[in-house]
Amino acid sequence: MEHFHGNMVKGELSGEKEFVITQIKNLDTQSVLHPNQLQAMYQYLSKQLELSEDCIITVNDQLPVRLNGQDTESLHQDINQLMNIMNLH
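Printed below as a string of structure tokens:
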């Protein structure tokens with residue numbers, strides 16, 4: 480597995496085109512994202528950035544986490560980088 484350490488996200492890329500998130504915004508988690516989920520998250524973050532709005536994501540399907548504009552931009556860049564690594568663009 481290849482490790483990924485972005486500004487907002489840490490995790491591992493599996494050989495199955497999956498990304499296992501182990502940390503997001505300094506919160507430990509264990510979630511598997513498939514390519515379609517990464518693309519959906521990227522589109523959601525793109526829209527939030529266009530609207531200049533804060534956004535909310537959930538960690539472990541339970542804990543809502545508010546992202547300000549800077550956090551949203553950082554997560555957007557991390558997801559973009561992951562998608563490039565995984566050849567999803």
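So the sequence shown is numbered by the numbering used here: it starts at 480 and just counts up by one.
No residue lacks a Cβ here, since even glycine has one placed at the ideal position from N, Cα and C.
Quick check: what's the CA-CA separation for residue i versus residue j?
| i | j | result |
| --- | --- | --- |
| Ile503 | Leu567 | 21 Å |
| Asp533 | Leu524 | 10 Å |
| Asp550 | Met487 | 7 Å |
| His484 | Gly490 | 7 Å |
| Ser553 | Leu528 | 11 Å |
| Arg560 | Gln518 | Before going further, note that residue 560 is Gln rather than Arg in the sequence given. Computed Cα separation, rounded: 12 Å. |
| Val544 | Glu481 | 26 Å |
Here's the rule I'm using: 16 or more other beta-carbon atoms within 10 Å means buried, otherwise exposed. How should residue i be labelled?
| i | result |
| --- | --- |
| Ile535 | exposed |
| His555 | buried |
Sort the options by Cα distance to residue i and report the nearest one.
| i | options | result |
| --- | --- | --- |
| Leu492 | Pro514, Thr537, Asp507, Asn505 | Pro514 |
| Leu512 | Val538, Asn547, Leu542 | Val538 |
| Asp540 | Ile564, Gln509, His482, Tyr521 | Gln509 |
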